[in-house]
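Protein sequences appear in the order of chains Y, S and C.
In this text, residue positions in the first sequence follow the numbering used here: the first is 473, and each later residue adds one.
In this text, residue positions in the second sequence follow the numbering used here: the first is 31, and each later residue adds one.
In this text, residue positions in the third sequence follow the numbering used here: the first is 23, and each later residue adds one.
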Amino acid sequence: MSDKVFMKGCEAIAEAAVRAGCRFYAGYPITPQNEIPEYMSRRLPQVGGVFVQGESEIASVNMVYGAGAGGTRSMTSSSSVGISLKSEGISYCAGAMVPMVYANMQRGGPGVGTIQASQQDYFQATKASGNGGFKMIVLAPATVQEAVDMTYQAFDLAERDRNPVLILGDGVIGTIMEPVVLPPMKSDEEVAALKQANRKWAIVGHSRDEKRGFLSPGYWSTVMQEEHCIQLDKMYHGWEENDVQVEELYLDNAELVFVAYGTTARIAKSALELLRAEGHKVGMIRPKTVSPFPVKSFDKINYDVCKCVLDIEMSIPAQMLYDVKLAVKERGAVDTCLRSGGNLIERGDIVRKAQEILSGGVK
Amino acid sequence: MELNLMVAGFGGQGVMMIGKLLSQAICDSTDYNVTFFPSYGAQQRGGTANCFVVASDREVGSPKPAVVDELIVMNDVSMVKYRNNVRSGGMIFTNSSLVKSGAERDDVTVVPIPVTEMAMELGSLKVLNIVMLGAYIGYTQLMDENLVLDCVLRLLGKKQEFIELNKKAFAKGLEAGRKAKG
Amino acid sequence: MEAVYTRTNTLNGNLLGFCPGCMHGTAFKLIGEVLEELGIDNKASCILAIGCCGLAQEVLSYDLATAPHGRAAAAATGLKRSNPDTLVFTYQGDGDLASIGLAETIHAANRGENISVIFINNGIYGMTGGQMAPTTLIGMKATTAPGGRDPKIHGYPLHIAEIINQLTAPVYIERVSCNNPANVRKTKNAIKKAFQNQLDGKGYSFVEIVTSCPTNWGLSPEKSLKFLEENMMKEFPLGVLRDK
């Protein structure tokens, strides 16, 4: 209890990043994630790190590209419409194999949308975060504690794979305050050692006896480009085996299975508890990584008794639905329960939909 | 303890701080899961403000429940807008200096506390939220009042004059809350 | 026999691949010589822009990364701020620096980043095939301005060095060319000064090299030189704009 602190989601993410050894952050104001750059502007100088307010999201992500290219654990963040602007730089990081972590505290869309929480960027986050068909590990926290733990882990994953890692939050995760236990602060020596380990590829200057640091987001040779894509693809497949994170609840003999991530998942879970208290056999799959998607969890559903797999999202049109359908493989019915526009999904919305399905209203 | 509270009022009435102080106190002194959600809009100034505090020994579901157990309204607009968001059997604490509308339902308990007037008696409108926080604790006995007061003193103004003022405001509210409970 | 002139070791011997008469090769040679003369090729890192200059990525023996189109100054900002001991310079063409990257260019200069920016201005897009650039001269034909640049439609050539000279932070701004041996020497000195400024922690230095593009200008290398001297250098006069 004593090491518990009460923190706002955005600030907790920023602090977790600093503790993970992040020493460079560049960002640009956009609601609802302003507390990340604000916190970083105070915190990073205290630990010898650098904060830069970029002149745009585009500049900010490219500053992170440069800092990451120098081997420093680096981060940026934004929300939805600002993330679109960052997509160029994120694709470059993926192409040139520059590790970086970024957070998207999703708001309503398309366009400027609303400033309230939504999950309208699922496709962008999991399918096409920039040009070129690259993939990323995308972590979707449902609580502030999870946001902290995932951010801390994200830097290790980014560095392991030399690839961007996305923290996919939303306006709720970013603005709520919850008790959190913060991970240990990496010492200056640990941070320096992490950076030193990156020196072999970082573009910090090498003597002529060493291999030069050369980060190329593209190749003049089509053969080399294809080989690069094949190597990346192998890495992506490796994630499916080793890096899926998921919470599974009551899948045995569930008559109804909820699928939800992030803020929606915590609300869905409260609906599940209410329904189970009434005796309904409701289970749940909560992807903690929406990429790689927990496909194998869907094999644990008993489709002989499951009436429906219910995709619950704060997005209209439904987006995660297509991953759910691919995982269900036409073994059972799939339906949706959706909100959009920055309106929070309500427990009542989910309970009503569930009761409708369980009473046999859905084919 | 289960808590499911909404606080609403004008921007500038310290609405967010009521929720923040209460949830901070719960975080500091209990093992409950607690979530504070400052509902936000685009305006930097003016307009209405509201926030939610949900605390539970289970995981907190929605940080912004559609139906709450308790509602604190600091102005009349919020009373009219949110009085039907309270569950049957719930409570509405009103700043009766400004809230003239009634609950217009008889399945909730209304606790009127004239916090604007009480704050003016103390010489500063700024502390009306602390008066309300005191009244809420005094009435509900949600938790040890000293734990909440500790938070008030720790998070708010460090100057001696503010510390004294906040102490007085909290005590005045506490007393009014206890009296209202009877 | 004593060797009085050798190729810079910062070029690894691979074919540069630039067109005849192009001055990118000269610029990279000069940069390399300066790095060696200052003894800093082991701590140099180049943020290379998109375009013809990218052809150098297989040729340079020092560290480099290619930035997204226009974003070199932002990437250099991130690299330099987190690695102050590395000598960081950008190498950008006019489409990159003056068009798509104008915001990044101006803001890095305005922040006074301790970096060196090498700007190659030949008034045209090279690799994409001769489209109009912000620095294209009035009347000069481009594949996207087939009738020539018309100020009524396209506005006027953008003078980046002069724009940067309006800012307070930059310490050194010079426009040079490589049209003759004397100017090549001046260009080398300008690059050296820009790098030395950075080593001394003085701040932002900007070196604009006015060059030619025989292929996309549709002129022979020799005629290109003449065009450069008679037209480009008239629009973009050489000289030191600032030396603090």
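Even glycine gets a Cβ: it sits at the ideal position worked out from N, Cα and C.
Practice problem: Reducing DSSP to helix, strand and coil, say where S/Asn176 ends up. | Solution: Annotated three-state conformation of S/Asn176 is helix, per DSSP.
Practice problem: Determine which residues share a DSSP beta bridge with Y/Gln578 and list them. | Solution: Looking at the DSSP assignment, Y/Gln578 forms a beta bridge with Y/Asp642.
Quiz prompt | Uninterrupted alpha helix (DSSP H) stretches inside the region 148 to 222 of chain C (no shorter than 4 residues) | solution = Fully enclosed alpha helix (DSSP H) runs of 4 or longer: 173 to 176, 182 to 186, 203 to 221.
Practice problem: Please report how far the alpha carbon of C/Glu257 lies from the alpha carbon of Y/Asp681, in whole angstroms. | Solution: Each residue's Cα considered, the two are about 45 Å apart.
Quiz item: Is C/Glu196 near C/Val139, with beta carbons less than 7 Å apart?
Solution: At least 7 Å separates the beta-carbon of C/Glu196 from that of C/Val139.
Quiz item: Using the beta-carbon count (16 or more within 10 Å), is Y/Val754 buried or exposed?
Solution: Buried, because 16 or more other Cβ atoms sit within 10 Å of the Cβ of Y/Val754.
Quiz item: Going by other Cβ atoms of all chains shown within 10 Å of its Cβ, with 16 needed for buried, is C/Ala283 buried or exposed?
Solution: Past the edges of chain C, shown from 23 to 266, lies residue 283 of chain C, and the structure says nothing about it.
Practice problem: State yes or no: is the beta carbon of C/Gly33 nearer than 7 Å to at least one beta carbon in chain Y? | Solution: The sequence shown places Leu at residue 33 of chain C, not Gly. So no, C/Leu33 is outside the interface.
Quiz prompt | Straight-line Cα distance separating Y/Arg514 from C/Tyr226 | solution = For C/Tyr226 and Y/Arg514, the distance between alpha carbons rounds to 25 Å.
Quiz item: Which residues, in chain order, does the region 723 to 757 of chain Y contribute to contact with chain S at a C-beta distance below 7 Å?
Solution: Only Arg738, Ile739, Lys741, Ser742 from the region 723 to 757 of chain Y bring a Cβ to less than 7 Å from some Cβ of chain S.
Exercise. Can you grab the Cα-Cα spacing for the pair S/Phe192 / S/Met148, in whole Å?
Key: Spanning the two alpha carbons is a distance of roughly 16 Å.
Quiz item: Who are the neighbours of C/His129 on chain Y, taking C-beta pairs under 7 Å?
Solution: Chain Y residues near C/His129: Glu527, Ala531.
Exercise. Would you list, in chain order, the members of the region 639 to 663 of chain Y that have their beta-carbon closer than 7 Å to a beta-carbon of chain S?
Key: Residues of the region 639 to 663 of chain Y with a Cβ closer than 7 Å to any Cβ of chain S, in chain order: Val644, Thr647, Ile648, Met649, Glu650, Pro651.
Practice problem: Just mark C/Gln114 as buried or exposed, buried being the case when its beta carbon has 16 or more other beta carbons within 10 Å. | Solution: Using a 10 angstroms sphere on the CB of C/Gln114, the tally of other CB atoms reaches 16 or more, which defines it as buried.
Exercise. Evaluate the contact criterion for the region 236 to 246 of chain C versus the region 124 to 142 of chain C: three or more CB pairs, one atom per stretch, below 8 Å.
Key: As far as the Cβ criterion goes, the region 236 to 246 of chain C does not touch the region 124 to 142 of chain C, which means the pair count is below three.
Quiz prompt | Short CB-CB distance (under 7 Å) between C/Lys65 and chain Y | solution = Yes, C/Lys65 lies at the interface with chain Y (some Cβ there is under 7 Å from its Cβ).
Quiz item: Is the beta carbon of C/Ser246 less than 7 Å from the beta carbon of C/Gly73?
Solution: Cβ atoms of C/Ser246 and C/Gly73: not closer than 7 Å.
Quiz prompt | Beta-carbon proximity of Y/Trp711 to Y/Pro764, cut-off 7 Å | solution = Yes.
Quiz item: Can the beta-carbon of Y/Gly542 be found less than 7 Å from the beta-carbon of Y/Ala674?
Solution: Taking 7 Å as the Cβ cut-off, Y/Gly542 and Y/Ala674 qualify as a contacting pair.
Practice problem: Tell me whether S/Ser86 sits in a helix, a strand or coil according to DSSP, three-state version. | Solution: In the structure shown, S/Ser86 sits in a strand (DSSP, three-state: E or B).
Self-check item: Residue range of the unbroken alpha helix (DSSP H) whose run includes Y/Arg748
Solution: From DSSP, the alpha helix (DSSP H) with Y/Arg748 extends over 734 to 749.
Quiz item: What is the DSSP secondary structure of Y/Tyr691, reduced to helix, strand or coil?
Solution: Taken through DSSP and simplified to helix, strand or coil, Y/Tyr691 comes out as coil.
Quiz prompt | Interface flag, Y/Leu721 vs chain S, CB-CB below 7 Å | solution = Not one chain S Cβ lies under 7 Å of Y/Leu721.
Practice problem: Would you mind telling me which residues of chain S sit closer than 8 Å to Y/Pro504, beta carbon to beta carbon, in chain order? | Solution: What Y/Pro504 touches in chain S: Tyr70.
Self-check item: Extent of the continuous alpha helix (DSSP H) run through C/Thr99
Solution: Unbroken alpha helix (DSSP H) run through C/Thr99: 94 to 104.
Quiz item: Hey, is Y/Tyr691's beta-carbon within less than 7 Å of any beta-carbon in chain C?
Solution: No, no contact with chain C.
Quiz item: Where does Y/His709 land, buried or exposed, given buried means 16+ other C-beta within 10 angstroms?
Solution: With fewer than 16 neighbouring CB atoms inside 10 Å of its own CB, Y/His709 falls in the exposed class.
Quiz item: For Y/Glu698, which residues in chain C fall below 9 Å Cβ to Cβ?
Solution: Neighbours of Y/Glu698 on chain C: none; closest Cβ ~17 Å, over 9 Å.
Practice problem: May I ask you to list, following chain order, the residues of the region 74 to 91 of chain C that have a beta carbon less than 9 Å from some beta carbon of chain Y? | Solution: Of all residues in the region 74 to 91 of chain C, those with a C-beta nearer than 9 Å to a C-beta of chain Y are Gly76, Leu77, Gln79, Glu80, Leu82, Ser83, Tyr84, Asp85, Leu86, Ala87, Thr88, Ala89, Pro90, His91, reading in chain order.
Self-check item: Helix, strand or coil at Y/Val834 according to DSSP, with G and I counted as helix
Solution: With a pLDDT of 49 at Y/Val834, under the threshold of 50, the predicted position of this residue should be treated as unreliable, though the coordinate-derived value follows. The DSSP-derived three-state label of Y/Val834 is coil.
Quiz item: Going along the chain, which unbroken runs of the alpha helix (DSSP H) with 4 or more residues stay wholly within the region 788 to 833 of chain Y?
Solution: You should have 792 to 800, 819 to 830.
Quiz prompt | Local Cβ density within 10 Å of Y/Lys835, reported as buried at 16 or more and exposed below that | solution = Its pLDDT being 46, under 50, Y/Lys835 is placed unreliably in this model, and the coordinates cannot settle the point.
Quiz item: Where C/Ala49 and C/Ala96 are concerned, what is the direct C-alpha to C-alpha distance, given to the nearest angstrom?
Solution: Roughly 22 Å between the two C-alpha positions.
Quiz prompt | Neighbour list for Y/Glu560 in chain C, Cβ cutoff strictly below 7 Å | solution = Ordered by position in chain C, the residues that pass the 7 Å Cβ test against Y/Glu560 are Pro90.
Self-check item: Reference S/Val64, options S/Leu33, S/Gly71, S/Tyr166, closest by Cα
Solution: The candidate whose alpha carbon is nearest that of S/Val64 is S/Leu33.
Quiz item: Where does C/Thr233 sit, in a helix, a strand or coil, going by DSSP?
Solution: Correct three-state label for C/Thr233: coil.
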